[in-house]
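Participant:
Chains as they are written, first to last, in the numbering used here: chain R, 1 to 127; chain Z, 1 to 274.
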């Protein structure tokens, strides 16, 4: 069972940072990646798969991310600021821990499917 | 010797004993350990990284071992209990005896998906959902709510007819028996049943619903049936495959048995019918 106190608080803080601006949250990691390779920083390009919308009263957001919890998905999805574990299948479809056995075409569709399954209740952060 | 029966043929006493053993494992916390283990592998098994429990050749031996561990836990409570199987290609409606109030209870109510009858309804107090992905603490189902039907006998036959166990890239994109049974490709048997039941069964914490065990007992039986039909085919891959459990490699989290060790289920149990 997820620790409802500390971990939730940490995730909540991360969610607030994302809410403040998904693009500012992404930019520093890109800059540091460029520095790491020693080359000139590439010109910022719009991330084609970012999304930030309200769906059925829930704020859903998605953006590229690196490693860590994401098991190579390279992408992070949030529902009301809480991260939803998502995974990309080999054929390019997506699933989340909330609808694990029912692939959909995109991370946004996975977020929307999760909102429908949650029926208004909060998502718990994953371990 | 344990005999796994079709759930449709269980006696009232067999149902009562199974339900009582499930609730006792729940009460002591042992049940939730299985839910936690399953979800850890759901989150960790990836198409391009290490994969053991799902989307890989060891999907079938991993779940065979997982069910054996669970069945032994049940038998530590009541030695007469065996895991029944749910043939979802035959008992394919919400009116099946499986969903009766004397066994698993029925579908959830429309407002929130909550199961309200049977021994696992929240009102009994016996079945709190503790390992969860959201804040809901009650068992949920939406039988048939996805709009898709359960697999038909013809669809099962089409998968059993496949002569190769599995093939590269040994993940959710693979052709072959294992992936068509698991359901990432083709007619989709196993995954579709999770979706048909809905509620927790559609999530990474699917073993929260006791029907998980009856579903997987039937998936396991289909593997045995495939072996019987294809005696010259066997588990693949044999050796040297990155991120995937080869025939002779041990499986996490137990690290003490290999797919080869689990190919013969009759060392552990038999089925009531071939």
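We treat Cβ as the ideally placed atom computed from N, Cα and C, and that holds for glycine.
Please read all numbers here as calculations on a predicted model, not as lab measurements.
Does the beta-carbon distance from residue 112(Z) to residue 119(Z) come in below 8 angstroms?
Facilitator: no
Participant: For residue 220(Z), does the three-state DSSP call read helix, strand or coil?
Facilitator: Residue state, collapsed to three classes: helix.
Participant: Return no unless some Cβ of chain R is closer than 8 angstroms to the Cβ of residue 173(Z).
Facilitator: With a threshold of 8 angstroms between beta carbons, residue 173(Z) makes contact with chain R.
Participant: Counting Cβ pairs, one atom from each stretch, are 3 or more of them under 8 angstroms apart for the segment 195-211 of chain Z and the segment 141-161 of chain Z?
Facilitator: The count of Cβ pairs closer than 8 angstroms, one atom from the segment 195-211 of chain Z and one from the segment 141-161 of chain Z, reaches three, so the stretches are in contact.
Participant: Using the Cα positions of residue 217(Z) and residue 83(Z), report the straight-line distance between them to the nearest angstrom.
Facilitator: One C-alpha to the other measures close to 7 angstroms.
Participant: Just the Cα atoms here: how many angstroms apart are residue 41(Z) and residue 104(R)?
Facilitator: 21 angstroms
Participant: Starting from residue 83(R), follow its DSSP beta bridges and name the residues at the other end.
Facilitator: 78(R)
Participant: At least one CB of chain Z closer than 8 angstroms to the CB of residue 60(R): is that the case?
Facilitator: no
Participant: In three-state terms, what does DSSP make of residue 249(Z)?
Facilitator: coil
Participant: I'd like to confirm something about residue 110(Z): is its beta-carbon nearer than 7 angstroms to some heavy atom of the ligand ZN, or not?
Facilitator: Only the bare structure without any ligand can be found here, which leaves the ligand ZN out of the picture.
Participant: Would you identify the three-state DSSP class for residue 116(Z), choosing helix, strand or coil?
Facilitator: coil
Participant: Can you pull the chain R residues whose beta carbon is under 8 angstroms from the beta carbon of residue 169(Z), in chain order?
Facilitator: 90
Participant: Look at the alpha carbon of residue 130(Z) and the alpha carbon of residue 115(Z), and state the distance between them as a whole number of angstroms.
Facilitator: 16 angstroms
Participant: Please name the residue, chosen from 176(Z), 117(Z) and 14(Z), that lies closest to residue 165(Z) on a Cα-to-Cα basis.
Facilitator: 176(Z)
Participant: Just the C-alpha distance for residue 265(Z) and residue 61(Z), rounded to the nearest angstrom, thanks.
Facilitator: 10 angstroms
Participant: Specify the secondary structure class of residue 32(Z) as computed by DSSP and reduced to three states.
Facilitator: Here DSSP, grouped into helix, strand and coil, assigns residue 32(Z) to helix.
Participant: Keeping to the same chain, check which residues put their C-beta closer than 6 angstroms to that of residue 239(Z); ignore five residues upstream and five downstream.
Facilitator: 246
Participant: Does any residue of chain Z have a CB that is nearer than 8 angstroms to the CB of residue 119(R)?
Facilitator: yes
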